[in-house]
Amino acid sequence: MYEFGESTVIRADLSAVWDTVTDVSAWPAWDPHEQQARLDGPFATGTTGWSKPRGGPATTWRLTEVVPRRRWASECDLPGGTLSGVTAYEPLDDRRIRCTKTIRVTGPLTPLFRFYFARRIRRDMLKTWAALETRSA
Numbered sequence: 000m001y002e003f004g005e006s007t008v009i010r011a012d013l014s015a016v017w018d019t020v021t022d023v024s025a026w027p028a029w030d031p032h033e034q035q036a037r038l039d040g041p042f043a044t045g046t047t048g049w050s051k052p053r054g055g056p057a058t059t060w061r062l063t064e065v066v067p068r069r070r071w072a073s074e075c076d077l078p079g080g081t082l083s084g085v086t087a088y089e090p091l092d093d094r095r096i097r098c099t100k101t102i103r104v105t106g107p108l109t110p111l112f113r114f115y116f117a118r119r120i121r122r123d124m125l126k127t128w129a130a131l132e133t134r135s136a
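The sequence shown begins at 0 in numbering that gives the first Met the number 0 and counts up one residue at a time.
Dropping the structure here:
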């Protein structure tokens, strides 16, 4: 198993942030990481989605937890394992929000994932949150 994450603080309205991140089909319009994305139903636990990151393979995933305006989690299957992620939004004072994303990878492909993708994903998290701050302003 390999787990990594990143955290930053943005200045935005929490409701606007939540509305932005739950509109999955609009991710490519503001998130520099996403090329295409869709959700096959409501933004709720159990709903499946599909996304194609720029420079990465497309994947089908499912929402495993949704706590409105606080956090959401998703998981996708890997050969012999899983990739799961939790994104949390912690309201602070003065319209600031701490954004935290944690990713966990299990299975035999973990070393390859760590070597080829982890550093880029970590960098992309910060770019995504900067774009989210701009989009939610």
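All C-beta atoms, glycine included, are put in the ideal place defined by N, C-alpha and C. Treat the numbers as computed from the prediction; the structure is a model and nothing was measured.
Continuous beta strand (DSSP E) stretch holding residue i: start and end
| i | result |
| --- | --- |
| Val104 | Arg95 to Val104 |
| Leu38 | Glu33 to Leu38 |
| Thr109 | Unbroken run through Thr109 is the alpha helix (DSSP H), Thr109 to Phe112; no beta strand (DSSP E). |
| Leu82 | Gly80 to Pro90 |
| Ala72 | Arg70 to Leu77 |
| Thr63 | Thr58 to Val66 |
| Gly48 | Thr47 to Pro52 |
Presumed contact (8 Å Cβ cut-off) between residue i and residue j, rounded CB distance
| i | j | result |
| --- | --- | --- |
| Phe42 | Leu62 | 7 Å |
| Thr59 | Thr47 | 6 Å |
| Tyr88 | Arg113 | Not a contact, Cβ separation roughly 26 Å. |
Nearest residue (CA-CA) to residue i, options the options
| i | options | result |
| --- | --- | --- |
| Ala36 | Val23, Thr101, Trp29 and Ala72 | Val23 |
| Gly40 | Arg68, Thr21 and Ile9 | Thr21 |
| Arg122 | Met0, Thr7 and Tyr1 | Thr7 |
| Leu108 | Glu132, Pro78 and Thr101 | Pro78 |
| Ala129 | Phe116, Met0, Pro56 and Thr19 | Thr19 |
| Phe3 | Arg119, Thr101 and Thr127 | Thr101 |
| Met0 | Leu82, Arg95 and Ser135 | Leu82 |
Paired residues, beta bridge with residue i - DSSP
| i | result |
| --- | --- |
| Ile142 | For residue 142 there is no data in the structure shown, the boundaries of the chain being 0 and 136. |
| Tyr1 | Val104 |
Opening and closing residue of the alpha helix (DSSP H) in which residue i lies
| i | result |
| --- | --- |
| Asp123 | Arg118 to Ser135 |
| Ala28 | Trp26 to Trp29 |
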